[in-house]
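Novice:
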Amino acid sequence: MTKPLVSIGLPVWNGEKYLACAITSILEQSFEDFELLIADNASTDRTAEIAREFCAKDPRVRYVRHASNIGAAGNFNYVFHETTGRYFKWAAYDDMLAPDFLAETTAALEKDRAGRAALAYPQTLLIDQEGAPLGLYDAAMRRGGQAPATRLDELIGPGDHTSSLIHMCFPVFGLIRRSALETSSLISNWPRSDHLLLVELALKGDFLEIERPLFLRRSHDEGSVISAEKTASSGTEVERKLAAWFDPKRGKRFPATNIRLGLGYLRAALVTPMPVPQRARATAVALGWMRRHWRILGGELKLVLADRIRPS
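All the letters of the sequence shown, read from the start, carry residue numbers 978 to 1289 under my numbering.
1. In the DSSP assignment, find the unbroken beta strand (DSSP E) run with Ser1045 in it and report its ends.
2. Please state whether DSSP places Phe1031 in a helix, a strand or coil.
3. What number of angstroms, rounded off, separates the C-alpha of Arg1258 from the C-alpha of Thr1024?
4. Which runs of the alpha helix (DSSP H), 4 residues or longer, sit entirely within the region 1104-1134?
5. Does the region 1181-1200 come within contact of the region 1086-1098, defined as at least 3 CB pairs closer than 8 Å?
6. I'd like the ranges of any beta strand (DSSP E) spanning at least 3 consecutive residues and lying wholly in the region 1161-1240.
7. Along the beta strand (DSSP E) that carries Ser1007, what are the first and last residues, could you check?
8. So Tyr1064 packs on Ile1153, CB below 8 Å; how close in whole Å?
9. Would you list the one or two residues that DSSP bridges to Met1267?
10. Whole angstroms are fine: how far does the CA of Ala1261 sit from the CA of Arg1268?
11. Please report how far the alpha carbon of Asp1009 lies from the alpha carbon of Ser984, in whole angstroms.
12. Using only the alpha-carbon positions, how far apart do Leu1079 and Asp1171 sit?
13. Select from Val1248, Leu1219 and Ile1273 the residue whose C-alpha is nearest the C-alpha of Ala1050.
14. Looking at the unbroken beta strand (DSSP E) that takes in Ala953, where does it start and where does it end?
15. Going by C-alpha to C-alpha distance, which of Ile1027, Ala1179 and Ala1085 sits closest to Gln1255?
16. Below 8 Å on the Cβ atoms is my contact criterion, and I expect Ala1246 with Leu1129 to pass it. Report the Cβ-Cβ distance as a whole number of Å.
17. Give every residue of the same chain whose Cβ lies closer than 7 Å to the Cβ of Asp1077, excluding the five residues on either side of it in the sequence, and list them in chain order.
18. Would Gly986 pass as a contact of Phe1031 if the rule is Cβ separation under 9 Å?
19. Please classify Trp990: is it buried, with 16 or more other beta-carbons within 10 angstroms of its beta-carbon, or exposed?
20. Mind checking whether Ala999 and Met1118 have CB atoms under 9 Å apart?
21. For Asp1089, which of helix, strand or coil comes out of DSSP?
22. Looking at Gly1239 and His1270, is the spacing between their C-beta atoms short of 9 Å?
23. Would you grab the beta carbon distance between Ala1094 and Asp1183 for me? Rounded to a whole angstrom, and I think it's under 8 Å.
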């Protein structure tokens, strides 16, 4: 059996409400050379039943159920490591794909014979919990095709041009070269680690935008961020709840998200292969981000120290 060109990993926990819609939209793609791995984080609802029904109908679908909840980060990384396609896509249990998503993103990456692009992604159509359209989300790499430091500046540099692309991180749900992901940090066990992954990918290659709304991003009350915001009494508690979602073993420790992001951005600028002048510029961009956020970083450091001296 030949390896599929594209691998799709769908990590899920208690996703019975939207899972069937997500899987159906994947299996109805006009491009058919793909595998779909569904990894279940020990769900307690009908997730297993739904996934197994699709496995029985389509040989491209595999289903794995973890014995316990290994966290969102562990499950996202699991589906990558357990697949083989030249191109990889993460799929969320509550989102949907238009029929030509894989056809157009795969064609864009295949056309890039030199391998200069790290990923291809389409425009995003926001939908509500019933699937009704809410509007397009503008997240174009306006200075794509430029040097690594220029792409980094577009993501995290000063100015309005940095806000939309990295804020929601939708390109992470695009089609990504496996070779680019293999040398990245993937999804780390703290909130907004997908921001760091997007930065790492931007330093490795260009982002190719498909100017069609082929990614349908669902907004609903059960989403991880909205759920945390609804039940938390402060921004700090939101961060703690999201950190526990990424990794249940973390407990209630404060994740120091911005400290991790700043250090991650700096490390990416220092270790990603690129010409020395580009490395110097990228390092300056990363240090500039840390300088602009110094008050936030200082506040997080205080919370980290408080956690360490607080009785367990």
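For each residue, glycine too, the CB sits at the ideal point set by N, CA and C.
Specialist: Per the coordinate set shown:
1. Premise fails: Ser1045 is in no beta strand (DSSP E) and is neither H nor E.
2. helix
3. 47 Å
4. Entirely contained in the region 1104-1134, the alpha helix (DSSP H) runs reaching 4 residues are, in chain order, 1125-1133.
5. yes
6. 1183-1195
7. Premise fails: Ser1007 is in no beta strand (DSSP E) and is neither H nor E.
8. The C-beta distance from Tyr1064 to Ile1153 rounds to 7 Å, short enough to fall under 8 Å.
9. Partner(s): none; Met1267 has no beta bridge.
10. Their backbone Cα atoms lie some 10 Å apart in a straight line.
11. At residue 1009 the sequence reads Glu, which differs from the Asp that was named. If you draw a straight line from the Cα of Glu1009 to the Cα of Ser984, it is about 11 Å long.
12. 21 Å
13. Closest option to Ala1050, Cα to Cα, is Leu1219.
14. Residue numbering for the chain in the displayed model covers 978 to 1289; residue 953 lies beyond these limits and cannot be assessed.
15. Ala1179
16. Yes, Ala1246 and Leu1129 are in contact; Cβ-Cβ is about 7 Å, under 8 Å.
17. These residues qualify, in order along the chain: Ser1007 and Leu1191.
18. no
19. buried
20. no
21. coil
22. yes
23. 5 Å
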